[in-house]
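Undergrad: Below is one structure. I have some questions about it.
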Amino acid sequence: MVHVAIAGGSGPEVAREVIDALLATNNHELTVLSRAEAPKSTTIPKVSWQVVDYHDKTSLVKTLQGVHTLLSFIQPLSDPNQTAQKNLIDAAITAGVKRFAPSEYGSKETADMPWWSGKASIRSYLAHINAESTVIEYTLFQPGLFLNYLAHPYRTSRHLAPLQTVFDFEHRRAIVVKDHLNAIMTFTSVTDLAAIIALAINSPAKWPLTSGISGNRLTVAQILAIGERVRGRPFTVEEVHLEDLERGELKTSWGLQVVHRAVAGEEEAAVKAMLEQVAVGTLLGCVKGAWESGEEMNRLFPEYEFEDAEGFLRGVWEGKP
14 MVHVAIAGGS GPEVAREVID ALLATNNHEL TVLSRAEAPK STTIPKVSWQ VVDYHDKTSL
74 VKTLQGVHTL LSFIQPLSDP NQTAQKNLID AAITAGVKRF APSEYGSKET ADMPWWSGKA
134 SIRSYLAHIN AESTVIEYTL FQPGLFLNYL AHPYRTSRHL APLQTVFDFE HRRAIVVKDH
194 LNAIMTFTSV TDLAAIIALA INSPAKWPLT SGISGNRLTV AQILAIGERV RGRPFTVEEV
254 HLEDLERGEL KTSWGLQVVH RAVAGEEEAA VKAMLEQVAV GTLLGCVKGA WESGEEMNRL
314 FPEYEFEDAE GFLRGVWEGK P
């Protein structure tokens with residue numbers, strides 16, 4: 014049993030899925046770190062709540078005393094210059110925290126995804142800290158794209174909100190890059206991500222720098238084929254050119270419509286531009302291998318059975334119009 018702290022754990026999505034998985038093990042002491050007081054409506058049984066100021070390193074060090082593992086879910090978009098997460102890392106080192114996982118939980122690379130540029134900054138920061146010796150053990154949990162998003166608009170987990178992607182199963186349509194149907198993407202359910210993180214915390218094995226989690230390794234062509242099988246008829250597929258994407262242009266008849274909570278509150282035009290940027294970055298990342306996760310966690314936990322993409326999606330879409 015170890016003391017696990019979850020920074021940004023007050024968020025209602027991925028962090029809460031991980032908290033549920035850790036609670037299910039009944040093995041650890043859990044503390045949520047949040048900028049705000051715990052709302053009565055989101056009180057989590059068996060989890061303590063600590064209000065923190067990420068700009069007060071002295072206070073953070075005190076809060077982290079006795080913590081063994083620190084998981085960060087601080088949203089990069091809400092952390093200008095990644096100051097909060099860098100202060101958290103510094104405080105964790107001073108407090109003697111043994112293990113740390115930065116706010117990742119997505120793609121392997123972020124070069125074409127400016128909304129995730131903060132992740133690259135934190136990766137560099139951690140690499141610099143450990144350049145000469147291991148100052149703090151850390152890993153990057155990377156599950157690829159959440160399989161749950163292909164169920165949009167239906168909710169398929171307790172906390173993760175539905176999110177539209179370029180593979181729109183609801184309307185039987187997709188946006189793909191011309192001549193790149195063999196590009197590989199990894200799709201992992203958020204439940205599997207949470208379960209693997211819980212297993213990694215329980216494991217005494219040293220964490221690798223990258224913890225790729227590969228629930229389903231699929232080509233774009235395979236994703237479309239699964240979609241057509243579970244939805245019962247062909248998809249309308251729009252092809253875009255790589256050159257247009259490199260210029261930041263998305264020449265399609267439709268685009269992403271759903272606003273993720275991370276960009277909630279933006280003006281309508283800014284939101285539309287942001288979602289177009291997300292579609293462009295997702296497609297570029299697909300072609301360049303950013304969504305093809307490694308299999309470090311699959312090898313560490315070979316007995317774990319991941320949710321099968323087609324079976325999962327058939328269960329969601331069967332009987333749906």
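Heads up, the sequence shown is in this note's numbering, so the first residue is 14 and it goes up one at a time. Note that beta-carbon positions come from the ideal geometry of N, C-alpha and C, so glycine has one too.
By the 10 Å Cβ neighbour count, where 16 or more other Cβ atoms means buried, how is residue 157 classified, buried or exposed?
TA: Its Cβ being crowded by 16 or more others within 10 Å, residue 157 is buried.
Undergrad: With a 10 Å radius around its C-beta and 16 neighbouring C-beta atoms as the bar for buried, classify residue 310 as buried or exposed.
TA: Buried is the call here.
Undergrad: With a cut-off of 8 Å on the beta carbons, I'd call residue 292 and residue 179 a contact; round off their distance for me.
TA: Residue 292 to residue 179, Cβ: 6 Å. Contact.
Undergrad: Of the choices 203, 314, 258, whose alpha-carbon is the least far from that of residue 320?
TA: Cα-wise, what sits closest to residue 320 is 203.
Undergrad: In chain order, which beta strand (DSSP E) runs of at least 3 residues are fully inside the region 87 to 159?
TA: Within the region 87 to 159, the complete beta strand (DSSP E) runs of at least 3 residues are 112 to 114, 153 to 155.
Undergrad: Can you tell me the Cβ-Cβ gap for residue 254 and residue 191, rounded? I've got them flagged as a contact below 8 Å.
TA: Right, the Cβ-Cβ distance comes to about 6 Å (below 8 Å), so this counts as a contact.
Undergrad: Nearest chain B C-beta to residue 167 closer than 8 Å, yes or no?
TA: The structure shown has no chain B; it contains just one protein chain.
Undergrad: Across which residues does DSSP place residue 42 in a beta bridge pair?
TA: For residue 42, which the question treats as bridged, DSSP gives the partners 16.
Undergrad: Sort 207, 153, 233 by Cα distance to residue 222 and report the nearest one.
TA: It is 153 whose Cα lies nearest to the Cα of residue 222.
Undergrad: Hey, would you say residue 188 sits closer than 8 Å to residue 43, going by beta carbons?
TA: No, the pair does not count as a contact, with Cβ atoms beyond the cut-off.
Undergrad: Within the chosen definition, does the region 69 to 77 reach the region 99 to 106 through at least 3 CB pairs nearer than 8 Å?
TA: Touching, per the Cβ criterion.
Undergrad: So the beta strand (DSSP E) residue 230 belongs to, where does it begin and stop?
TA: Start and end: 229 to 232.
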